[in-house]
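Residue numbers (our numbering): 2 to 279. First the structure, in the form of structure tokens, and then the observations on it.
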């Protein structure tokens, strides 16, 4: 049974996500549809890229991932289908695949060219569903598009490093449900530049000199629990996806607050790591 995942910025209020599912079931009644997220911030390419990058590999090979973010077709925003790591991705060529393709080279990319056969003002419903259904039936990419070699890059996916390798400038690409802020600085990139040297992380007026392995590392378990005051303390970790994350321990946006709310950190804000020369 084919699996089709959905990642969109459509939200839950409107009919869009439901209409897409209905159209897929009309094409292939026995398909399995899985929602990854419909809560991507509107038109937020880095956020969508982060979500799909960290979700897709948990699915079986051959899964088809339909991504409905900024999908209106125009001369600068074509539609593509990509085979990568044994999975298929259907999306706009707006930079959303550049984060994934930076880690793993795509096996095949085609620019979708079936638009002349479909009248549409809702391409995710009318075009992407047709392509996903074609792939779910075992169809080939060549039937729905022409082969291309390059995909569009997107800004803020890769951090900057200076020539002296003493400074990394990253940016916040995602804020999770706990208000923790995720940067575009990956663990492997950081370690390659840092090479064991001391460092200081700066985000607005907050500074950190330690990256912990897990959130609870900031707790001194030798102190009796009733005397601890750890909730709401700032902590920096490489999260489960190996991205540098600034968090508050046991954050709650409605009580103790979060890294985003209390530190004033928002999407696209800069996070700087200054590294000692020796």
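Glycine included, every Cβ here is placed at the ideal spot set by N, Cα and C. Bear in mind the structure is a predicted one, so any value in this text is a computation, not a measurement.
Fully enclosed alpha helix (DSSP H) runs of no fewer than 4 residues occupy 260 to 264 of the segment 233 to 278, in order along the chain. The C-alpha of residue 53 lies about 17 Å from the C-alpha of residue 153. The beta carbon of residue 261 sits closer than 6 Å to those of 176, 180, 182, all from its chain and outside the five residues before and after it, given in chain order. According to the DSSP assignment, residue 132 belongs to the alpha helix (DSSP H) that extends over 130 to 137. Closest by C-alpha distance to residue 193, out of 169, 216, 11, is 169. Distance from residue 60 to residue 39 at the Cβ level is roughly 17 Å; contact not present, criterion being Cβ atoms closer than 8 Å. In this structure, the straight-line span from the alpha carbon of residue 33 to that of residue 7 is close to 11 Å. If you look at residue 201, you'll find it in the beta strand (DSSP E) that goes 200 to 204. Take the alpha-carbon of residue 49 and the one of residue 159: they are about 15 Å apart.
Residue 105 is not a Cβ neighbour of residue 81, given a cutoff of 8 Å. In the structure shown, residue 23 falls within a helical segment according to DSSP collapsed to helix, strand and coil.
Counting only runs of 3+ residues, the beta strand (DSSP E) found wholly inside the segment 67 to 104 occupies 80 to 85, 88 to 93, in chain order. Unbroken beta strand (DSSP E) stretches of 3 residues or longer found wholly inside the segment 175 to 200: 182 to 187, given in chain order. Here the alpha carbons of residue 184 and residue 46 stand approximately 14 Å from one another. Exclusion of the five residues before and after residue 161 leaves 170 as the residues of its chain whose Cβ lies within less than 6 Å of its Cβ.
Here the alpha carbon of residue 129 sits roughly 19 Å from the alpha carbon of residue 87. Within the same chain, and ignoring the five residues on either side of residue 44 in sequence, the residues whose Cβ sits closer than 6 Å to its Cβ are 71.
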